[in-house]
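Asker: Before anything else, here's the structure in question.
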Amino acid sequence: MKLSQLEVWFVTGSQHLYGEKALAQVAAHSQQIAASLSADQSLPFAVVFKPVQTTPEEVRGLCREANNAPKCIGLILWMHTFSPAKMWISGLKSLTRPFLHLHTQFNRELPWSSIDMDFMNLHQAAHGDREFGFITARLRLARKVVVGFWQDPDTVSEIATWTRAAAGWHESQNLKVARFGDNMREVAVTEGDKVAAETQLGYSVNGFGVGDLVARMNQVTDADIDQLLAEYREAYSLAKKHDRPDAIRTAAKIELGLRAFLEEGGFAAFTDTFQDLHGLDQLPGIAVQRLMADGYGFGAEGDWKTAALVRTMKVMAKGLPGGTSFMEDYTYDFTGIPKVLGSHMLEVCPSLAADKPALEVHPLGIGGKADPVRLVFTAPDGPGIVASLVDMGNRFRMIVNLVDVIQPEQPLPNLPVARAIWHPKPSLKIAAAAWIYAGGAHHTSLSQALTMDHLADFAEIAGIELIRIDHETRLFEFRRLLRWEEAAYSRS
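Sequential numbering from 21 applies to the sequence shown in our numbering.
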């Protein structure tokens, strides 16, 4: 994930009414703001100053340039002076990149003793941005509005959050998902309309036979396997009872073949299913975990929507502390403060590991294959989110729940899988009911790096429905909201 190659354009609106001297000051101020944002460590992308826009022709040209610039993931738009908004209509209607509307001004304080009309004419964002806000509302354009002084940490943080969402959207437009086998039989929520997904979200989903993977695995050399086995032994703890060379060697061969298949095909996310393992000796476990740790998206049982969501969230979280992983609400503990034990058969990303993962080999009891190799660990304490993307038939819905990840109250010596334990907000009783009312899937993406705001910004850019479950959720109002949402999308 080469996010450092991506950039956000900083674009300022004005007009020729105020003269060339004023426009020169507008440009100088804009360059200073763009340079300050670009240098801020919380923004993972370069912020590139673009010439001040003063005519409809300039705006159209800029928007066309942005649409065709491979590195541009979005625009920050600011009206330093009053910029007549009709001049933005044609360009904004053609713009395919997301944009953030920054409502700020160059000076933090007013120069009370010296302020005059020249100052007032130059520093007009207070009403210039309102003019721009009208036209974006009139055009029904998706956008993020950030209000505040451009050097304030809160303002920069909001901008940084949006840029990560824009990077996720950029990734979604170029993402290819490979499915090995089909959907788990008779399961509903992991199905969906792939054509609608590519139309709405940009990514493509295509299926491959497991035999295609096996053929690539058979090209792996013994020397490559030996090298990877040495890496396993260096990176993970390995108890003597789990040191089963044949099983571990098979797992390494699966990883090398799977990694090569994905790299050669340009895939950044993938799925498999334990119901279709023909030609594989074991269900991929450590291979999936390590690929996720390297940034790949994954969904079990053919769940391509979650695979794409995991990949998108990993791109958005790049460089932030905390991990992001495919996850499943597996079972509950109703004692004390009720909590969720999240896990899966094998495939939880070690980016969530609090300590050095253990490499273990255990029977799976499902799929009818040899004992698979997996990494076992527990996620650390801290805030997080769990997110689900579902196909509601007439739209895609993203459901996001705030959670607090905690440590297990007792040891788990017999649980042979990676896990995370969390308290959903506002409580398991309310959160689980809300999740079920909203149709949330049992597969999710758990992130201890991202926040609700990251996914809210992404949903706004993508034009998909976002359902929040947080500390303020009340079921009566929540169910009424779902009815309103249904009515709104039924009319659209």
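By construction, the Cβ of each residue, glycine as well, lies at the ideal position given by its N, Cα and C atoms. Bear in mind that the values here come from a model prediction, so they are computed numbers and not experimental data.
Contact between the region 392-400 and the region 372-382: three or more CB pairs below 8 angstroms?
Answerer: These segments touch.
Asker: Go to N226, then tell me how far its alpha helix (DSSP H) extends in each direction, as first and last residue.
Answerer: Unbroken run through N226 is the beta strand (DSSP E), S224 to F228; no alpha helix (DSSP H).
Asker: With a CB to CB cut of under 8 angstroms and the five nearest residues on each side skipped, what residues in its chain are close to A453?
Answerer: Excluding positions up to five away in sequence, the list reads L495.
Asker: Excluding sequence positions up to five away, which residues of its chain have a Cβ less than 7 angstroms from the Cβ of L502?
Answerer: Same-chain partners within the cutoff: Y457 and A458.
Asker: Around the Cβ of K91, are there at least 16 other Cβ atoms within 10 angstroms (buried) or fewer (exposed)?
Answerer: By the 10 Å Cβ count, K91 comes out exposed.
Asker: Assess contact between the region 267-281 and the region 308-318, defined as three or more Cβ pairs (one per stretch) separated by less than 8 angstroms. Is contact present?
Answerer: These segments touch.
Asker: Between which two residues does the beta strand (DSSP E) containing K389 stretch?
Answerer: That residue, K389, is in no beta strand (DSSP E); it is neither H nor E in DSSP.
Asker: Measure the beta-carbon distance from V360 to I441 and round it to whole angstroms, keeping in mind my assumption that it falls under 8 angstroms.
Answerer: V360 to I441, Cβ: 7 angstroms. Contact.
Asker: Using 10 angstroms around the beta-carbon of F354, count the other beta-carbons present and answer buried if the total reaches 16, otherwise exposed.
Answerer: When all chains shown are included, F354 counts as exposed.
Asker: Could you tell me the distance, in whole angstroms, from the CA atom of F478 to the CA atom of A186?
Answerer: Their backbone Cα atoms lie some 7 angstroms apart in a straight line.
Asker: What three-state label does DSSP hand K261 in the structure shown?
Answerer: If DSSP states are grouped into helix, strand and coil, K261 belongs with the helices.
Asker: Please go through the same chain and pick out, in chain order, the residues whose beta-carbon is closer than 7 angstroms to the beta-carbon of H474, but skip the five residues on each side of it.
Answerer: T181, R184, A185 and M336, listed in sequence order.
Asker: From M365 to A146, what distance separates their C-alpha atoms?
Answerer: Roughly 55 angstroms between the two C-alpha positions.
Asker: Taking 8 angstroms as the threshold, find out whether the region 38-51 comes into contact with the region 150-161 through three or more Cβ pairs.
Answerer: No: fewer than three Cβ pairs fall under 8 angstroms.
Asker: Taking the runs of the alpha helix (DSSP H) that are 4 residues or longer, which of them lie wholly in the region 76-113?
Answerer: Counting only runs of 4 or more, we get 76-87.
Asker: Report the residue from V46, S465 and A250 whose alpha carbon sits nearest the alpha carbon of S371.
Answerer: Comparing Cα positions, the closest option is S465.
Asker: Based on DSSP bridge pairs, tell me the residues matched to T291.
Answerer: Per DSSP, R199 and G319.
Asker: Go through its chain and collect everything with a Cβ distance to G148's Cβ below 6 angstroms, but skip five positions before and after it.
Answerer: Excluding sequence neighbours, G148 sits near M99, T101, F102 and S103.
Asker: Output the distance between the C-alpha atoms of L384 and G322, rounded to the nearest integer angstrom.
Answerer: C-alpha separation (whole angstroms): 18 angstroms.
Asker: Quick one: what does DSSP say Q73 is sitting in, helix, strand or coil?
Answerer: In this structure, Q73 counts as strand in the three-state DSSP scheme.
Asker: On a CA-only basis, which of A438, Y352 and W504 is nearest A374? Give me that one, please.
Answerer: Considering only alpha carbons, the answer is A438.
Asker: Quick check: what's the CA-CA separation for G343 versus G402?
Answerer: Answer to the nearest angstrom: the Cα atoms are 11 angstroms apart.
Asker: Please state whether the Cβ-Cβ distance between L409 and H190 is less than 8 angstroms.
Answerer: No, they are not a contact pair.
Asker: How many Å lie between A407 and S510 at the Cα?
Answerer: Looking at the two C-alpha atoms, the distance is approximately 24 angstroms.
Asker: Among the candidates R150, S447, K196 and T124, whose CA atom is the shortest distance from the CA of F318?
Answerer: Checked all of R150, S447, K196 and T124; the closest Cα to F318 is K196.
Asker: With distances taken from CA atoms, which of K113, L120 and Q171 is nearest N127?
Answerer: Considering only alpha carbons, the answer is Q171.
Asker: Of all the options S192, P173, T124 and N414, which has the alpha carbon lying nearest to the alpha carbon of V165?
Answerer: Considering only alpha carbons, the answer is T124.
Asker: Give the secondary structure of F126 by DSSP, where H, G and I count as helix, E and B as strand, and everything else as coil.
Answerer: In this structure, F126 counts as coil in the three-state DSSP scheme.
Asker: How about A47 and V72: do their beta carbons lie closer than 8 angstroms?
Answerer: Going by C-beta atoms, A47 is nearer than 8 angstroms to V72.
Asker: Would you call the CB atoms of W324 and R417 closer than 8 angstroms?
Answerer: Taking 8 angstroms as the Cβ cut-off, W324 and R417 do not qualify as a contacting pair.
Asker: May I have the straight-line CA-CA distance separating D1 from H462, to the nearest angstrom?
Answerer: The displayed coordinates of the chain run from 21 to 512. Any statement about residue 1 would go beyond what the structure contains.
Asker: If we count the other Cβ atoms within 10 Å of its Cβ and call it buried at 16 or more, is L130 buried or exposed?
Answerer: Exposed, by the Cβ-count rule.
Asker: Any idea what DSSP makes of G342, helix, strand or coil?
Answerer: Three-state DSSP puts G342 in coil, outside helix and strand.
Asker: Given a threshold of 16 other Cβ atoms within 10 Å of its Cβ, counted over all protein chains shown, does N203 qualify as buried or as exposed?
Answerer: Buried: at least 16 other Cβ atoms inside 10 Å.
Asker: Are the beta-carbon atoms of M472 and I405 separated by less than 8 angstroms?
Answerer: Result yes, Cβ atoms of M472 and I405 sit closer than 8 angstroms.
Asker: Pick out whichever of I357, L329 and G339 has its Cα sitting closest to the Cα of F346.
Answerer: For F346, the nearest C-alpha among the options comes from L329.
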